[in-house]
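Adding 1414 to a residue's 1-based position in the sequence shown gives its number in this note's numbering. We put the CB at the ideal spot given by N, CA and C, even for glycine. No experiment lies behind these values; they were computed from the predicted model shown.
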Amino acid sequence: MPSKDDLARRRYEKLVDRLESLMRAALKPEFEGYYGQLILGADDLAEMGELKDVRRAARKAGQRLAWKTTTHLLGGRLFVLDEREVPERIERLAGDAAAAAMDRSWEEGRRPRLT
């Protein structure tokens, strides 16, 4: 029969794997692994276990992805962020993408609504 420590270790490794998968899925390929972020809601956190364990697992998953991982709890949500220095060309690409998204949003807001 596995020991309690062995079960806890396996549960933790499973949590790290799950978070790594979520973090990897949230990445945009065009940013080459930079600007990583994951936002976990209260329901996600409750399902995953103790907050301290989720934060520790998120930092471990971030290490696997070469992130400089930080976590912030705000309004019941856990933000997992990659705070590495971003190369200038990726920063420009991300800025252009954000500007284009804002332009689309602004244009959609100006269209007459059909009701």
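Taking just the CA atoms, how far does residue j sit from residue i?
| i | j | result |
| --- | --- | --- |
| Arg1478 | Met1462 | 19 Å |
| Lys1466 | Gly1509 | 33 Å |
| Ser1417 | Arg1498 | 38 Å |
| Arg1506 | Lys1428 | 36 Å |
| Leu1441 | Arg1424 | 26 Å |
| Gly1447 | Pro1501 | 11 Å |
| Arg1470 | Val1430 | 9 Å |
| Ala1514 | Arg1432 | 32 Å |
Using the rule of at least 16 other Cβ atoms within 10 Å of the residue's Cβ for burial, across every protein chain shown, is residue i buried or exposed?
| i | result |
| --- | --- |
| Trp1520 | exposed |
| Ala1512 | exposed |
| Glu1444 | exposed |
| Gly1455 | exposed |
| Ala1472 | buried |
| Gly1523 | exposed |
Taking DSSP's pairing of strands, which residues face residue i in a bridge?
| i | result |
| --- | --- |
| Phe1493 | Ile1453, His1486 |
Compare the C-alpha of residue i against each of the options and name the closest.
| i | options | result |
| --- | --- | --- |
| Glu1464 | Pro1526, Glu1522, Asp1420, Tyr1426 | Tyr1426 |
| Lys1474 | Val1494, Ala1440, Gly1455, Asp1457 | Val1494 |
| Ala1592 | Arg1438, Arg1524, Arg1424 | Residue 1592 lies beyond the range of the chain shown here (1415 to 1529); nothing can be said about it. |
| Ile1504 | Glu1522, Gly1476, Gly1450 | Gly1450 |
| Glu1434 | Ala1460, Arg1423, Glu1446, Thr1483 | Thr1483 |
| Asp1457 | Gly1476, Ala1472, Leu1441, Leu1492 | Leu1492 |
| Leu1436 | Leu1421, Asp1420, Val1468, Ala1422 | Val1468 |
| Ile1453 | Asp1496, Gly1447, Arg1524 | Asp1496 |
Indicate whether at least one CB of chain C lies closer than 7 Å to the CB of residue i.
| i | result |
| --- | --- |
| Val1500 | Of the protein chains in this structure there is only one, and it is not chain C. |
Give a single yes or no on whether residue i has its beta carbon closer than 6 Å to a heavy atom of the ligand FMN.
| i | result |
| --- | --- |
| Glu1505 | Of the ligands one can find in the structure shown there are none, so the ligand FMN has no counterpart to examine. |
Q: Inspect the CB distances between the stretch 1481-1490 and the stretch 1511-1520 and report whether three or more fall short of 8 Å.
A: no
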